[in-house]
């Protein structure tokens with residue numbers, strides 16, 4: 001008997017492959033750690049025994065730069081749609097996020113000076 005969510009699992013594995021996740025047992029641990037779920041939950045996602053909740057599927061699609069509808073349902077192209085560049089869907093790294101938060105805390109005059117300095 002096939003796993004109930006086998007098709008989703010196949011799409012998730014494809015997205016992970018494209019993102020450079022190493023195949024094998026380490027993939028389950030890496031996925032579990034990255035999304036703060038148990039290894040068992042990650043294993044179920046990868047084998048098609050369970051589906052992540054919708055907010056998590058949205059997060060996965062953004063993180064792995066794939067079309068949400070394709071990941072969730074298999075419809076449409078795997079690449080992000082609506083004509084935007086894929087980079088718009090990527091999550092900021094911890095360093096980028098920290099830098100952006102620090103920039104936002106600066107007064108406007110200092111922001112302008114920093115932008116001028118970096119340009």
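Numbering (UniProt numbering), first residue to last: 1 to 119.
Backbone N, C-alpha and C fix where the C-beta goes; we use that ideal spot for every residue, glycine too.
task = Look at the alpha carbon of residue 14 and the alpha carbon of residue 22, and state the distance between them as a whole number of angstroms.
result = Cα-Cα distance, rounded: 12 Å.
ask   = Roughly how many angstroms separate the alpha carbons of residue 105 and residue 93, rounded to a whole number?
value = Roughly 19 Å between the two C-alpha positions.
Three CB pairs or more closer than 8 Å across the segment 5–12 and the segment 33–48 = Between the segment 5–12 and the segment 33–48, the count of C-beta pairs closer than 8 Å reaches three or more; the two stretches touch.
key: Helix, strand or coil at residue 17 [DSSP, three-state]   = Residue 17 sits in a helix when the DSSP states are folded into three classes.
message = Quick check: what's the CA-CA separation for residue 125 versus residue 28?
response = With the chain represented from 1 up to 119, any question about residue 125 goes unanswered, as that position is not in the structure.
task = Report the three-state DSSP secondary structure of residue 97 (helix, strand or coil).
result = Reduced to three states, the DSSP call for residue 97 is helix.
request  = Could you pull out every unbroken alpha helix (DSSP H) segment of at least 4 residues lying fully inside the segment 25–52, listed in chain order?
outcome  = As far as the segment 25–52 is concerned, its whole alpha helix (DSSP H) runs of at least 4 residues are 25–34, 39–47.
message = My output table needs one value for residue 22: the three-state DSSP class, helix, strand or coil.
response = Residue 22 sits in coil when the DSSP states are folded into three classes, being neither helix nor strand.
inquiry  = Checking 8 Å against the spacing of the C-beta atoms, do residue 64 and residue 32 come in under that value?
reply    = Taking 8 Å as the Cβ cut-off, residue 64 and residue 32 do not qualify as a contacting pair.
request  = Give me the Cα-Cα distance between residue 86 and residue 17, rounded to the nearest whole angstrom.
outcome  = For residue 86, the predicted model reports a pLDDT of 48, less than 50, meaning its position is unreliable and no value from the coordinates is stated.
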